[in-house]
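J.: Chains as they are written, first to last, in this note's numbering: chain A, 18 to 257; chain B, 114 to 870.
Ideal Cβ positions, reconstructed from N, Cα and C, are used throughout, including at glycine.
The structure presented is a predicted model; accordingly, all values stated were derived computationally and were not measured.
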């Protein structure tokens, strides 16, 4: 059996609001191959972000399994999961979620500190990320001194500094204007080309989702395949 | 090893930078850790000084370990000449004093020999008792006995060991309080920084990482505060103990103890919060950046008691943030309650010091003369004798299978009683309660005077004038149990036969139930002539005439053992002089043995240990923690809420309205803190009262009756402090916010407000 980068099996997530039970994710299953770019689209409140958080181990599922490279992260203990996440996964949030009292560079380096990486081990990656993401100008500025697009670039660099195998992006362009959104997408695809990681992106923007190998739709917690670009693009990683 | 040094260097460098670049954020931890270190420093330095003071007192008072009294000439010579020792190398004691006393009645001489052991005290005492005492007994005159008294010099090491146990106990108690404080502060901090921790966890932080970061930060703080804390605690202790005139002792080991204590507190304080944090889902932390973790569901909040939306914005906010408010109120005010408990302890200690205990015990059993009015007159004639108590005529009800019956209306607490279900006493359909926790005591006119020291209702002398009149206490085990009125009846059950014996393994209420069921009783109806309210009670005392005592217990009253109480203000030297006078008095009546309970000495030692002052200083230090919690927590809380106020201003709120929000919040907190501080102080004081009055006598066997009261001066201080902090911890953030808005509206940058911290 081929080892998938991400595999979920009947993931269920429910919330209880007073007397009503809301099923945010309803038996969602997906298999993603290494290096693949998968987009999940859906309306607001459809459960796509919740599903992404569960896939990344940032939220817990009520039922079902999530496997990253064959390892069941739903069975991991909190510390084990944290360390696994730090070493193997990256995450880009819609609201950037940069720590406001840290500079851009410090924010980028948070994952290296959390995983006790030596300075030597990430210098080359940092240089490449700073170059690729055009962050050379304001590395010592606080997030409040950066534009929305710059903040998101810092967030992408932070997600990639540990060179994860899989990158989760939760509406990374949702807070940006068209130009900045296009630029961030371009950068994401460029870094994916350079670093070769798997990319799972949640978006409600179809024009962005069009760049993915496969598009899934989340509707009232139910995940279904919307489109599958079998063929040369997937094989050649030609996303342009 | 190199790796360890590298790790330490890296951790300390990061922690140092983190703490000092964000000094404002950590200021509260600097103060808290300083207070903790000072508290423990005072405890450990005072413990060393207490031992020092005790040793000084004991060595001043005694230069001997044991005294043998009322020896005959042969016995005295046996010791003086050390006839029990064969080889010089075997000598275990030296005689430091030898007194001859003339017994005026028999005109014989008795001897007191004071011994000082020359080697290991335990071994010497054991050998002396095993080898010398039998010989001394063999040299004894027929019908004459001698007495052996050991001194505090002999038992000093045992006392020190007991002090050490007490010190360990107090250390653990202080450790718990210190951990509670630091953990509370750390929880406040991480509650406000959950977003940051959520991001850390997202990118790989685990418990070890979070814990070590937090630990090293607090470690750096504790290193900075360490020397000042040692200095302050030593200075305070010096000021307290210097007054004793016994010098001041500083043990360098204290420094190590304070350091270790601080380390233990830090370790425990950050372990739990970080463990809890590390097991949370990162997303649940990231979404709490707006304090929503402290907010109860809006749907429920809006419907406060059926109202659609409270007209007062801040009242609504108080309700929305009720979890936070309750946490803050209880955490901050617990330290006020601890302050009051500290003062209450100081008061209990003073009560204990002043508690009347017999100074001398007189044994007349070998004298041909019983205690009579002439003896009484002579004893009271000695300057310093305050009271003479006959202790022979006291019998526990349960020891003679006797009990009392009380009408249920005369009962306040049922805990120590059983419902009377026997058939011999005509209950006439009313409920009666029985208790065998009673202490029958025979009294005469002289003894009744001793009861005048207590708080009583009724006529004490009615016991002598009326028929079957008794004086009763209202409590069992210091717990008020009865609500008698003067003139009420009680019935004393006197066993006169049995259907069958009861199980000898039974105790307490089960035994009494069986006794009522299987024994026959005559019930003597007695009238309550007076009720004593503050007398210490294991069993409830019932005072009666000699005749009634004999009828109830079947024992003939005697007067052979006396407790002598001395005037409270007498110092130890005067007591020692009086002791010689009492012994001299006893020699008029033959072999009267008088022992000195050394109460005055113990009181002097205890007074010089300055526990009262220590408790007060500790209480004040604990009180100072309360504002720390208030201002730290409220400052962070309102900083978070500044975004909310900015939004309100952007949609039209004017500064006056924003001020109203703050002021209303402050007034609400002040009002709530008023009630919470009274409530918690009452509960805390009552718990202490219960422990000292009921629990400790159960283990120690000594009954001291402490009066429960609310120390109003302390409660007032605590209330003023809480109300002040409740209001100003809200008002000061407003001043800061107003300044920021002013700066913003007058062209300034407006500072960092409104940003994430």
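Can you give, in chain order, each stretch of the beta strand (DSSP E) that sits fully within the region 578–665 of chain B and has at least 3 residues?
T.: Listed in chain order, the complete beta strand (DSSP E) runs (minimum 3 residues) inside the region 578–665 of chain B are 582–586, 602–611, 632–645 and 653–658.
J.: Verify the CB distance criterion: does residue 318/B have a CB-CB separation below 9 Å to chain A?
T.: Yes, because at least one Cβ of chain A sits closer than 9 Å to the Cβ of residue 318/B.
J.: Can you tell me whether residue 613/B is buried or exposed? The criterion is at least 16 other CB atoms within 10 Å of its CB, across all chains shown.
T.: Residue 613/B comes out exposed.
J.: How close, in whole Å, do the beta carbons of residue 666/B and residue 576/B come, if the pair is a contact with beta carbons under 8 Å?
T.: In fact, because the Cβ distance is near 16 Å, the residues do not count as touching under 8 Å.
J.: List the whole-angstrom C-beta distance separating residue 705/B from residue 507/B, where the pair is believed to meet the contact cut-off of C-beta under 8 Å.
T.: Going by Cβ atoms, the distance from residue 705/B to residue 507/B rounds to 21 Å, so no, they are not a contact pair.
J.: In terms of alpha-carbon separation, which member of 677/B, 648/B and 782/B lies closest to residue 806/B?
T.: Taking only the C-alpha atoms, the option nearest residue 806/B is 648/B.
J.: Please tell me whether residue 497/B and residue 683/B are closer than 9 Å, where the distance is taken between their beta carbons.
T.: It is a contact, given that the beta carbons lie within the stated cut-off.
J.: Report the residue ranges of all alpha helix (DSSP H) runs contained in full by the region 49–85 of chain A; include only those spanning at least 4 residues, in chain order.
T.: Complete alpha helix (DSSP H) runs here, min 4: 65–72.
J.: Interface residues of chain B around residue 102/A at Cβ under 9 Å?
T.: Correct list: 314, 315, 316, 317 and 395.
J.: Examine chain B for any beta-carbon lying closer than 9 Å to the beta-carbon of residue 237/A, and answer yes or no.
T.: It does not; no Cβ of chain B falls within 9 Å.
J.: Could one say the Cβ of residue 125/B lies closer than 9 Å to chain A's Cβ atoms, at least one of them?
T.: Not one chain A Cβ lies under 9 Å of residue 125/B.
J.: Considering only C-alpha positions, which residue in the set 663/B, 693/B, 473/B and 515/B is nearest to residue 628/B?
T.: Selected option, being the one with the closest Cα: 515/B.
J.: Candidates 39/A, 112/A, 106/A and 50/A: which alpha carbon is nearest residue 79/A's?
T.: When each option's Cα is compared against that of residue 79/A, the closest is 39/A.
J.: State the Cα-Cα distance for the pair residue 238/A and residue 232/A, rounded to the nearest angstrom.
T.: Rounded to the nearest angstrom, the two C-alpha atoms are 15 Å apart.
J.: Helix, strand or coil: how does DSSP classify residue 532/B here?
T.: Residue 532/B: strand per DSSP, three-state reduction.
J.: Report the option in 802/B, 291/B and 487/B whose CA atom is closest to the CA atom of residue 144/B.
T.: Cα-wise, what sits closest to residue 144/B is 291/B.
J.: Can you check which of these residues, 367/B, 233/B and 328/B, is closest to residue 154/B by C-alpha distance?
T.: Residue 367/B is the option with its Cα nearest to residue 154/B.
J.: Can you tell me where the alpha helix (DSSP H) holding residue 134/A begins and where it ends?
T.: Residue 134/A -> no alpha helix (DSSP H), and no H or E assigned at all.
J.: Between residue 717/B and residue 688/B, what straight-line distance do the alpha-carbon atoms span, to the nearest angstrom?
T.: Whole-angstrom Cα-Cα distance: 12 Å.
J.: List, in chain order, every chain B residue whose beta-carbon is nearer than 7 Å to that of residue 157/A.
T.: Correct list: empty, because the minimum Cβ distance to chain B is about 14 Å.
J.: Do we get a CB-CB distance below 9 Å when we pair residue 792/B with the residues of chain A?
T.: Chain A contact via Cβ: absent.
J.: How would you call residue 176/B, buried or exposed, if buried means at least 16 neighbouring beta carbons within 10 angstroms?
T.: Residue 176/B comes out exposed.
J.: Please give me, in chain order, every unbroken run of the beta strand (DSSP E) with length at least 3 that falls completely inside the region 424–508 of chain B.
T.: 473–479 and 498–503, all fully within the region 424–508 of chain B.
J.: Name, please, each residue of chain B whose Cβ falls closer than 9 Å to the Cβ of residue 36/A.
T.: Simply none; closest approach about 12 Å.
J.: Answer with yes or no whether the minimum CB distance from residue 399/B to chain A is below 9 Å.
T.: Output row for residue 399/B: interface = yes.
J.: Whether or not the region 434–448 of chain B and the region 344–353 of chain B are in contact is what I'm after, with contact meaning three or more pairs of Cβ atoms, one per stretch, closer than 8 Å; do they touch?
T.: With a cut-off of 8 Å, the region 434–448 of chain B and the region 344–353 of chain B do not count as touching, because too few Cβ pairs lie within range.
J.: Among all the DSSP beta bridges, which residues are the ones paired with residue 211/B?
T.: Note: residue 211/B sits in a beta bridge opposite 226/B.
J.: Along the region 359–391 of chain B, what residues have a CB closer than 7 Å to any CB found in chain A?
T.: Flagged, chain order: 391.
J.: With a threshold of 9 Å between beta-carbons, can residue 311/B be considered close to chain A, or not?
T.: Chain A, which has a Cβ nearer than 9 Å to the Cβ of residue 311/B, makes this yes.
J.: Counting C-beta neighbours from all protein chains within 10 Å, is the total for residue 326/B 16 or more, i.e. buried, or is it exposed?
T.: Buried, since its Cβ has 16 or more Cβ neighbours within 10 Å.
J.: Alpha carbon to alpha carbon, how far is residue 184/B from residue 212/B?
T.: Rounded to whole angstroms, residue 184/B to residue 212/B spans 10 Å at the Cα level.
J.: Just to make sure I have the definition right: I need the residues of chain B whose C-beta is within less than 7 Å of the C-beta of residue 61/A. Which are they?
T.: The premise fails here: residue 61/A is roughly 16 Å from chain B at the closest Cβ pair, so nothing lies under 7 Å.
J.: Comparing the CB of residue 485/B with every heavy atom of the ligand HEM, is any distance shorter than 8 Å?
T.: This structure lacks the ligand HEM; in fact it carries no ligand of any kind.
J.: Are the CB atoms of residue 319/B and residue 148/A within a distance shorter than 9 Å?
T.: It is not a contact, given that the beta carbons lie outside the stated cut-off.
J.: Show which residues of chain A have a CB atom less than 7 Å away from the CB atom of residue 322/B.
T.: Correct list: 131.
J.: If the criterion is Cβ atoms closer than 9 Å, does the pair residue 555/B and residue 574/B meet it?
T.: Their beta carbons are not under 9 Å apart, which means residue 555/B does not touch residue 574/B by this criterion.
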